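The structure appears right after this line, and notes come after that.
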């Protein structure tokens, strides 16, 4: 089956500094797509980034991620964190095993301080 | 375009009581998912439908949980005889086949 690992439960950063959230995965199937979802307090998860192309950088709202199949990773980065970025971030993959079915990581809480 | 809607937003029960959650997906989305999200964990798939058909319900915790989507649009998730371990947020999501899933606001369930 599929699994997604997010090693940090909490990441703290000062506003204006760069931030990186780690995501690695394991799958025995041909994987279709990878996602980063962001969940603000008391709200539903919403898609932040999507990628299915190896070694291609994907960007949205100042965040970027590059799928690296060689290292089974899809890390999320931002060059300058903002206070409004404080939220829960989930990495997820969708495998060809069951088209459209998402497997989520355990999530990383990003806290940005002034 | 309206997003995924869910009701109720909150539910508080005593153990042994039953509860139903309702979901209205985005218009035109043929696939509907129900997830359970325990506190401080990622969403975990319970069941999903394509139109009115159940595609996978193998992750439903037990026969206390059931889900239907009779006309291929709205869906209901029901818990019979709730337990404290069922305390979680229940999320509904919808998509077109194989496309990005969009989530509703969720129902936060507390079982006392």
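Protein chains in written order, with the numbering used here: chain B, 1270 to 1383; chain E, 38 to 149.
Backbone N, C-alpha and C define an ideal beta-carbon position, used for all residues, glycine too.
Source: prediction; values computed, not measured.
Residue i and residue j closer than 7 Å at C-beta
i	j	result
residue 1350/B	residue 1343/B	no
residue 124/E	residue 97/E	no
residue 1383/B	residue 1284/B	yes
residue 141/E	residue 43/E	yes
residue 93/E	residue 109/E	no
residue 1289/B	residue 1370/B	no
residue 66/E	residue 133/E	yes
Those residues which DSSP pairs with residue i across a bridge
i	result
residue 1290/B	1345/B
residue 93/E	85/E
residue 1328/B	1333/B
residue 41/E	Bridge partners of residue 41/E: none, in fact.
residue 47/E	145/E
Cα-Cα separation, residue i to residue j
i	j	result
residue 47/E	residue 70/E	19 Å
residue 101/E	residue 55/E	9 Å
residue 1299/B	residue 1372/B	14 Å
residue 1380/B	residue 1318/B	19 Å
residue 130/E	residue 1348/B	31 Å
residue 118/E	residue 52/E	7 Å
Spatially closest choice to residue i from the options, by CA coordinates
i	options	result
residue 40/E	61/E, 108/E and 54/E	61/E
residue 90/E	126/E, 107/E and 145/E	107/E
Assumed close pair residue i, residue j - CB separation to whole angstroms, cut-off 8 Å
i	j	result
residue 1316/B	residue 1306/B	6 Å
residue 1280/B	residue 1292/B	Actually they are not in contact, since the Cβ atoms of residue 1280/B and residue 1292/B sit about 12 Å apart, beyond 8 Å.
residue 1377/B	residue 1275/B	5 Å
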